[in-house]
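Heads up: the sequence shown begins at 8 in my numbering, then just goes up one per residue.
We put the CB at the ideal spot given by N, CA and C, even for glycine.
These numbers were taken from a predicted model, which means no experiment stands behind them.
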Amino acid sequence: MLQKSRFRPSDPAVYLIGPMGSGKSAVGQQLARRLHVEFIDVDREIESRTEQTIAEIFDADAGESRFRDLETAVLGELSGRRGIVVATGGGAIMREENRRAIRNGTVIYLHASAEQQYDRIKNNTHRPLLQTDDPKSVLASLMKTRHPMYHAEADIVMHTDGQTSNRVAEIIERKLLSS
Ligand code: S3P
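Printed below as a string of structure tokens:
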């Protein structure tokens, strides 16, 4: 297949969507490095703007709803930009406004089974939605609701079970340069 030689600043932004533990942040970093463009992680952007961790935002009065508004604000700002790689949070897909914002870019769904998600994030205590007795069943139940939405928005679906983030980034790079 004919490849273009490089990703251009005028190319549509690349949005990585998918559940917690699908590798959006790790793959996004590697992909941005390969494409020589800026990488933005929406969760980290929210933390740096508020000077609070995601867990602190969820814990405060307005909790998750404040977090969701911040997420929508960041995605709204990014939607005018091109030539960047963006890792979205796993729940961003739930708002129509967010879905509209990412449609300006190339949307890549990083799919992972609930088992694989759990394996990747079991030692990490920073995700408020998983601070329960049974994080595995939370992951499975979120996937049930969200998978059809991730799928409907995706231009490219990448299965990540058993793959390193570097390998996933390499495959995405090839797909982007041959499209
Ligand atoms: C969330 C996913 C998290 C983060 C927040 C809520 C979700 O992002 O935005 O904890 O609703 O699935 P990651 O998908 O990057 O873990």
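Residue i CB to nearest heavy atom of the ligand S3P below 7 Å
{"i": "L136", "result": "yes"}
{"i": "D50", "result": "yes"}
{"i": "M27", "result": "yes"}
{"i": "L149", "result": "yes"}
{"i": "G97", "result": "yes"}
{"i": "K31", "result": "yes"}
{"i": "I61", "result": "yes"}
Residues that residue i bridges to, as DSSP identifies them
{"i": "P19", "result": "R89"}
{"i": "H166", "result": "H118"}
{"i": "I47", "result": "V93"}
{"i": "I24", "result": "Y116"}
Closer than 7 Å: residue i CB and nearest the ligand NAP heavy atom
{"i": "G30", "result": "The model depicted lacks the ligand NAP and carries the ligand S3P instead."}
- Message: Restricting to runs no shorter than 3 residues, where is the beta strand (DSSP E) found entirely within the stretch 53-100?
- Response: If only uninterrupted beta strand (DSSP E) runs of at least 3 residues are considered, those enclosed by the stretch 53-100 are 92-94.
- Within the stretch 118-164, note down every full alpha helix (DSSP H) run reaching 4 residues or more, in order along the chain. Along the stretch 118-164, the alpha helix (DSSP H) occurs as fully enclosed runs of 4 or more residues at 121-128, 142-160, listed in sequence order.
- Task: Indicate whether the contact test is met: 3 or more Cβ pairs, each with one atom in the stretch 146-160 and one in the stretch 74-87, closer than 8 Å.
- Result: Because the criterion of three Cβ pairs below 8 Å is not met, the stretch 146-160 and the stretch 74-87 do not touch.
- Query: Should the stretch 28-38 be called in touch with the stretch 163-172, which here means at least 3 C-beta pairs below 8 Å?
  - Reply: Enough Cβ pairs lie closer than 8 Å, so yes.
- Task: Would you check if there are 3 or more beta carbon pairs closer than 8 Å linking the stretch 153-166 to the stretch 128-144?
- Result: Taking 8 Å as the limit for Cβ pairs, the verdict is that the stretch 128-144 does not touch the stretch 153-166.
- Given 8 Å, three or more beta-carbon pairs between the stretch 81-100 and the stretch 17-31: Touching, yes.
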